[in-house]
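**Q**
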Amino acid sequence: MKILIVDDFSTMRRIIKNLLRDLGFNNTTEADDGLTALPILQAGGIDFLVTDWNMPGMQGIDLLKAVRADENLANIPVLMVTAETKREQIITAAQAGVNGYVVKPFTAATLKEKIDKIFERIDAE
Amino acid sequence: MESNNKTIQLEAARALVTALEADDVSVVEHQLAILTQSQESELFQEVGKLTRELHEAMSNFNVDSRLVDLTENDMPNTRERLNYVITTTEDAAHKTLGYIDQTLPLASELKLTAEKIDESWHRFRMREMNADEFRSLSKEIEVYLPEVKQHSEQIHANLSEMMLAQGFQDLTGQVIRQVIDLVAEVEDNLVRLVKIAGQHVENKPKDNKEVDPIKAEGPQINAGDNPNVVNDQDEVDDLLSSLGF
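Protein sequence lines correspond, in order, to chains A and B.
Numbering-wise (this note's numbering), the first sequence opens with residue 70 and increments by one.
Numbering-wise (this note's numbering), the second sequence opens with residue 1316 and increments by one.
This is the structure in structure tokens:
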């Protein structure tokens, strides 16, 4: 299971990477916005995408839309980890096909819960 | 235009004098009308010029009105944002220091007990230990091993919390970026204002600040005051489940 972590702040990427390692996900790679993330995704081999929303270049919501619009990537589960907390934003992300939405600041337990839920659903399908 | 007008006026004036001398009332009235009309057209031109100047002044005023908006809304908002940065960094520092305070004694306790057991174990290996002492040592080891497990788990959990607390850098970084943008905008507007004051007016295209409801805003400051903003993960989950998630 290879996970791509997308956030413009390296500290946050490190935090998420460490938490994922604690949850048993050792194979992670990083990008600092949608524009750098897309080529990594398109190169293949990414099984799960964790992305921030507010980033320079290409924002997380646009990355999500681009992933869903690309037939090779459309089925990758996407977890959004973001400080964006307006209702319209959460609804837009849901409509764009996000699989989970975690608001910052978050706890290790919340991240685990959302990831477990995403994989439970995928396994059930 | 102006010289044309002058010719008309001169002709009308001459005709008027002639008509007055000839006592021709209808021609006098006619020439007077021509004179008044030419006067009016000059007035219209003047009004037109004034209107244009007013219009230009108004569009220049856009710069000033953005400045007013900046001082009235964005600046107080920026103070709140910077206060948010202080509070968030303060909380993160306290949280981290708190977990350090909690973790250090755990590590010391493990070290002290390990040292004690190590010493006894060494005596045991050198056959310097009697049966009673050995029984006491094995008891100590029995207590120590689960304690190592427990303490290590606690240390791991505390370290995870310290790591999570570092998320402040992302949250405050987003806010500080907004403040930097604002400072740049204020600077830009002040420069323009100075240019206008110096009569070097440039007509700038008006910023169309349309509100995009999903535009990324970073952490919400005073989220509690805004019903359109969710306050925690539970509210996010509720909203998503209401959408059939």
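For each residue, glycine too, the CB sits at the ideal point set by N, CA and C.
1. With distance defined between alpha-carbon atoms, name the residue in A:R156, A:D77, A:E194, A:E182 nearest to L89 (chain A).
2. May I have the straight-line CA-CA distance separating D1339 (chain B) from G1363 (chain B), to the nearest angstrom?
3. To the nearest angstrom, how far is it from the Cα of S1423 (chain B) to the Cα of H1466 (chain B)?
4. Is the shortest distance between the beta-carbon of M1478 (chain B) and the beta-carbons of chain A less than 7 Å?
5. Can you list, in chain order, the residues of its chain with a C-beta nearer than 6 Å to that of G166 (chain A)? Leave out the 5 residues immediately preceding and following it.
6. Would you list the one or two residues that DSSP bridges to L73 (chain A)?
7. Comparing C-alpha positions only, which one of A:G114, A:A112, A:L132, A:I109 sits nearest to T120 (chain A)?
8. Nearest by alpha-carbon distance to A1429 (chain B): which of B:V1463, B:S1451, B:S1374, B:A1327 is it?
9. Give the interface partners of A1531 (chain B) over in chain A, defined as CB-CB distance under 7 Å, in chain order.
10. Distance check for I1401 (chain B) and Y1414 (chain B), CA to CA, integer angstroms please.
11. So, L1452 (chain B) versus S1435 (chain B), is the Cβ gap smaller than 7 Å?
12. I'd like the list of long-range same chain contacts for K186 (chain A), defined as Cβ closer than 7 Å, with 5 residues on each side in sequence excluded.
13. Buried or exposed, going by whether 16 or more other CB atoms sit within 10 Å of the CB of K1321 (chain B)?
14. Ends of the beta strand (DSSP E) at M149 (chain A)?
15. If contacts are defined as beta-carbon pairs under 8 Å, then Q1548 (chain B) and T179 (chain A) qualify, I think. What distance do you get, rounded to the angstrom?
16. Identify the contact partners of R90 (chain A) in chain B, using a Cβ-Cβ distance below 9 Å as the criterion.
17. Exposed or buried, which one is L1479 (chain B) when buried takes at least 16 other CB atoms within 10 Å?
18. Could you please give the first and the last residue of the uninterrupted alpha helix (DSSP H) stretch that includes V1506 (chain B)?
19. Please state the DSSP three-state secondary structure of K1530 (chain B).
20. Is the shortest distance between the beta-carbon of P1461 (chain B) and the beta-carbons of chain A less than 7 Å?
21. Should I159 (chain A) and V1551 (chain B) be called a contact, given that it needs their Cβ atoms to be closer than 7 Å?
22. Compare the C-alpha of R190 (chain A) against each of A:T80, A:P125, A:G126, A:N144 and name the closest.
23. Quick check on E1517 (chain B): buried or exposed, where buried means 16 or more other Cβ atoms within 10 Å of its Cβ?
24. Does the structure place the stretch 1475-1490 of chain B close enough to the stretch 73-90 of chain A that three or more beta carbon pairs sit under 8 Å?
25. Return the bridge partner residues of Y170 (chain A) from the DSSP annotation.
26. Shortest alpha-carbon distance to S1356 (chain B) belongs to which of B:L1369, B:H1471, B:R1329, B:I1323?
27. Does any CB atom of chain B fall closer than 7 Å to the CB of R156 (chain A)?
28. Could you say which of B:S1374, B:P1420, B:P1534, B:K1510 lies nearest to T1403 (chain B) if we only look at CA atoms?
**A** Once the coordinates are examined:
1. Counting from one through the first sequence, the residue named residue 89 (chain A) turns up at place 20. It is A:E182.
2. Looking up residue 1339 (chain B) in the second sequence gives position 24. Looking up residue 1363 (chain B) in the second sequence gives position 48. Near 36 Å, if we compare the C-alpha coordinates of G1363 (chain B) and D1339 (chain B).
3. Here residue 1423 (chain B) refers to the residue found at position 108 when the second sequence is read from its first residue. Here residue 1466 (chain B) refers to the residue found at position 151 when the second sequence is read from its first residue. Cα-Cα distance, rounded: 11 Å.
4. By 1-based counting over the second sequence, the position of residue 1478 (chain B) is 163. Yes, M1478 (chain B) lies at the interface with chain A (some Cβ there is under 7 Å from its Cβ).
5. By 1-based counting over the first sequence, the position of residue 166 (chain A) is 97. Excluding sequence neighbours, G166 (chain A) sits near R137.
6. By 1-based counting over the first sequence, the position of residue 73 (chain A) is 4. DSSP output for L73 (chain A) lists A:T98, A:L118 as bridge partner(s).
7. Locating residue 120 (chain A) in the first sequence gives position 51, where the first residue counts as 1. Nearest C-alpha to T120 (chain A): A:L132.
8. Walking along the second sequence from the start, residue 1429 (chain B) turns up at place 114. Ranking the options by Cα distance to A1429 (chain B), first place goes to B:V1463.
9. As a working mapping, residue 1531 (chain B) is identified with position 216 in the second sequence. Simply W122, N123, Q128, E153.
10. Along the second sequence, one-based indexing puts residue 1414 (chain B) at 99. Along the second sequence, one-based indexing puts residue 1401 (chain B) at 86. So the alpha carbons of these two residues sit roughly 20 Å apart.
11. Against the second sequence, residue 1452 (chain B) aligns to sequence position 137. Against the second sequence, residue 1435 (chain B) aligns to sequence position 120. It is a contact, given that the beta carbons lie within the stated cut-off.
12. Sequence index remark: in the first sequence, residue 186 (chain A) carries index 117 (1-based). Cβ within range, chain order: G169.
13. Numbered from 1 along the second sequence, position 6 holds the residue referred to as residue 1321 (chain B). So K1321 (chain B) ends up on the exposed side.
14. Within the first sequence, residue 149 (chain A) is the residue found at index 80, counting from 1. 147-151 is the span of the beta strand (DSSP E), which, as asked, contains M149 (chain A).
15. The count along the second sequence starts at 1 and reaches residue 1548 (chain B) at position 233. The count along the first sequence starts at 1 and reaches residue 179 (chain A) at position 110. Indeed they touch by this definition, with Cβ atoms about 5 Å apart.
16. Here residue 90 (chain A) refers to the residue found at position 21 of the first sequence. Those within 9 Å of R90 (chain A) in chain B number zero; the least Cβ separation is about 11 Å.
17. Taking the first residue of the second sequence as 1, we reach residue 1479 (chain B) at position 164. Classification for L1479 (chain B): buried.
18. As a first step, residue 1506 (chain B) must be located in the second sequence, where it is residue number 191. Here the alpha helix (DSSP H) through V1506 (chain B) covers 1483-1512.
19. Numbered from 1 along the second sequence, position 215 holds the residue referred to as residue 1530 (chain B). K1530 (chain B) falls in the coil class under three-state DSSP.
20. On the second sequence, residue 1461 (chain B) is found 146 positions in, with the first residue counted as 1. Closer than 7 Å: no.
21. The sequence position of residue 159 (chain A) within the first sequence is 90, counting from 1. The sequence position of residue 1551 (chain B) within the second sequence is 236, counting from 1. Cβ distance < 7 Å, so I159 (chain A) and V1551 (chain B) count as in contact.
22. Within the first sequence, numbered from 1, the residue matching residue 190 (chain A) stands at position 121. The option with the nearest alpha carbon to R190 (chain A) is A:N144.
23. Within the second sequence, residue 1517 (chain B) is the residue found at index 202, counting from 1. In this predicted model, E1517 (chain B) has a pLDDT of only 49, less than 50, meaning its place in the structure is not dependable enough to derive any value.
24. yes
25. Within the first sequence, residue 170 (chain A) is the residue found at index 101, counting from 1. Answer by DSSP bridge pairing, in chain order: A:M149.
26. Your numbering for residue 1356 (chain B) matches position 41 in the second sequence. It is B:I1323.
27. Sequence index remark: in the first sequence, residue 156 (chain A) carries index 87 (1-based). True, the Cβ-Cβ gap to chain B drops below 7 Å.
28. Looking up residue 1403 (chain B) in the second sequence gives position 88. Ranking the options by Cα distance to T1403 (chain B), first place goes to B:P1534.
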